[in-house]
Each structure stands twice: as structure tokens, then as C-alpha cells.
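Structure, as C-alpha cells:
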Amino acid sequence: MKKTLMLPLCAVALWGCGQEGKAPMTDGELMTLEVGPQQVDCVGVGPRKCLVVDGEAFYSDIAGFDFEAGFDYRLKVKRTEAFPKGQVPADASPYRYELMAVLDKTPAQ
């Protein structure tokens, strides 16, 4: 009796572990970003400060990166999808960024 119940219970448990509704697990894309020495005012959900990346306001956070004003940075980051396709909120970035390495940190001129 116990053995005949175990198989259906295991099947139900595994079925409940599906990935539907979760962000896809991908290896991501490695990128090099140039970060400027000052943050700029920007507005998302509310007013905040944004990094300047490749000359433009960058609204996303970079996990693991501690910005220090007055320095130019060159960073290696991994960009991954933050949400399942078609489920990105209107006010959110479709990507998540994670610091892999600080390639260069020099005082701004």
C-alpha cells in the first residue's frame, strides 16, 4: 500500500516544482560597461540617483558594485533576464546586472 502511494505523491511533488512564472535560468551575457564619475538625477518609480553608463543614465542597479564618486570605472558585468518573456512590468528593466569584475578604476579628470 505504501509503495503504491509513493509513486503518485512523488509525481505530484515533482509536477509542483515547475518553472512557470519564474525568471528563466540562463547563463546571461558578459558585458563591459564604462561608468562615469558622478551620478545624475533620474526618475523611475520616484526621484533617485542613477549611474552614468556609456554616457547615458543607467536606471538599473549592478549587484555587488559599490559606486564611489570621483572615479571612472570599467566593469565586467553579467546581464541576465529578470522576468519571464512577456511578463516585464512597465516600469522595470527586463534585465538584472551582476558585477563580475572591476577592470579599471581611475580618478576622474
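Okay, so the sequence shown: first residue is 1 according to the UniProt record's numbering, each after it adds one.
Heads up, the beta-carbon is just placed ideally off N, CA and C, and yes, glycines get one too.
These numbers come from a predicted model, not from an experiment.
Whether residue i touches residue j by CB criterion (7 Å)
i	j	result
A108	D72	yes
V43	V52	no
L103	I62	no
Helix, strand or coil at residue i according to DSSP, with G and I counted as helix
i	result
D91	coil
D72	strand
P24	Legend: pLDDT at P24 = 46, less than 50; position of this residue unreliable, value from coordinates given subsequently. Three-state result, P24: coil.
P37	coil
K85	coil
F65	coil
Expected contact under 8 Å - CB spacing of residue i and residue j to nearest Å
i	j	result
R79	Y95	5 Å
Nonlocal neighbours in the same chain, by C-beta distance under 6 Å from residue i, ignoring five residues either side
i	result
A101	K76
Other residues of its chain near residue i: CB distance less than 7 Å, five sequence neighbours each side excluded
i	result
G28	K78, R79, T80
P24	Because the pLDDT at P24 is just 46, under 50, the model does not fix this residue reliably, and the point stays unresolved.
V45	D91
Same chain, Cβ closer than 8 Å to residue i, five either side skipped, listed in chain order
i	result
P47	D41
A69	P37, Q38, Q39
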